[in-house]
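Engineer: Numbering (the working numbering), first residue to last: 17 to 133. In this text, a Cβ means the ideal position worked out from N, Cα and C, and glycines have one as well. All values derive from a computational prediction rather than experimental measurement.
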Amino acid sequence: MSLHVEISQQRDVLVVRLDGELDHHSATEVRERIDREWSKGIHGHLVLNLSKLTFMDSSGLGVILGRYRRISEMDGKMVLCAVQPSVYRLFELSGMMKILPFCEDEQTALNVCGVAS
Numbered sequence: 017m018s019l020h021v022e023i024s025q026q027r028d029v030l031v032v033r034l035d036g037e038l039d040h041h042s043a044t045e046v047r048e049r050i051d052r053e054w055s056k057g058i059h060g061h062l063v064l065n066l067s068k069l070t071f072m073d074s075s076g077l078g079v080i081l082g083r084y085r086r087i088s089e090m091d092g093k094m095v096l097c098a099v100q101p102s103v104y105r106l107f108e109l110s111g112m113m114k115i116l117p118f119c120e121d122e123q124t125a126l127n128v129c130g131v132a133s
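#1: With three or more C-beta pairs closer than 8 Å as the rule, is the region 45 to 57 touching the region 117 to 131?
#2: If you drop the 5 nearest sequence neighbours on each side, which residues of the same chain put their C-beta closer than 8 Å to that of residue 37?
#3: Using DSSP's beta-bridge definition, name the partner residues of residue 112.
#4: Report the CB separation of residue 29 from residue 63 in whole angstroms; it is logged as a contact under 8 Å.
#5: Quick check: the Cα distance between residue 78 and residue 113, rounded to an integer number of angstroms?
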């Protein structure tokens with residue numbers, strides 16, 4: 017299965033919705049698309065909506081951790097939301113649950129980034 021990436025903006029928050037599988041085949045594309053949008057300099061925060069992400073491997077973890085580091089270095093917030101149980105388990109096993117903020121839904125994640133509904 018492939019991966020579909022949808023990118024939108026809510027004020028200064030870049031919202032990325034992933035649909036499919038984030039693995040070694042799709043990791044480079046996701047990283048490049050997020051970095052290309054981020055480099056425009058109009059976003060201060062990132063929300064990753066993983067509600068339709070059905071699979072992720074260590075390459076996907078690397079993409080997410082790399083974006084988290086980059087955004088944190090620029091004093092931005094990165095929040096993950098709507099994570100499926102199988103993907104959530106991978107975050108638990110990797111220890112990333114201790115550093116990445118997770119929210120139940122996209123609106124809550126936007127609120128964490130300072131975007132009121």
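Structural biologist: If we stick to the structure as given:
#1: no
#2: 17, 18, 19, 69, 70, 71, 72
#3: None, per the DSSP bridge assignment.
#4: 6 Å
#5: 14 Å
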